[in-house]
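Read through the structure below, which is laid out as structure tokens, and then see the notes.
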Amino acid sequence: MAILNVEELKKQLVHAPDTIEFSDVMALIDANFAFTPTVFTNGKVENQENQNNGSCKLLALGQYLNLTNEQTLSLFGQYYRADVLGNPRGSDHANIRNFMITGHDGVSFAVFPLLAK
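Put into structure tokens, the structure is as follows:
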């Protein structure tokens, strides 16, 4: 289900967070924000500029919208629900796994990467 705007996303986070898909969140961000690739740290993971841009965009959106840690994790869609929760001992998706531990407190950007259009 395509998410057309931020208000729809907020409603979906309350009523049906398990239906959110990463690709829909990326499309929402690309349609509503200018993105500047930047260095960012997420817990123990240090991401270089243009590395893991999807996680960079998504984590920044979570901060921009003042989402809870759990709401932000829901934005990762199947990557969170199937890949991470479905394989708790896995080592893939380091940004998701670190965010589960440190939350928004563990995320910092060299330059905040999103600017509303």
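In our numbering, the protein residues as written are 29 to 145.
C-beta: ideal position from N, C-alpha, C; glycine also.
Status (buried if at least 16 other CB within 10 Å, exposed otherwise) for residue i
i	result
LEU32	exposed
VAL73	buried
SER136	exposed
THR47	exposed
LEU143	exposed
ASN78	exposed
Helix, strand or coil at residue i according to DSSP, with G and I counted as helix
i	result
LEU41	helix
Beta-carbon proximity of residue i to residue j, cut-off 9 Å
i	j	result
LEU86	MET128	no
ALA88	ASP52	no
LEU95	LEU103	yes
GLN76	PHE140	no
ASN97	GLY118	no
GLY134	GLU49	no
ASN115	GLY71	no
LEU56	LEU41	no
query: Can you give, in chain order, each stretch of the beta strand (DSSP E) that sits fully within the segment 50–138 and has at least 3 residues?
result: Runs found: 61–63, 68–70, 73–75, 135–137.
- request: Please confirm if the segment 60–67 is in contact with the segment 107–124, defined as three or more CB-CB distances below 8 Å between the two stretches.
  value: At 8 Å Cβ cutoff, the stretches do not touch.
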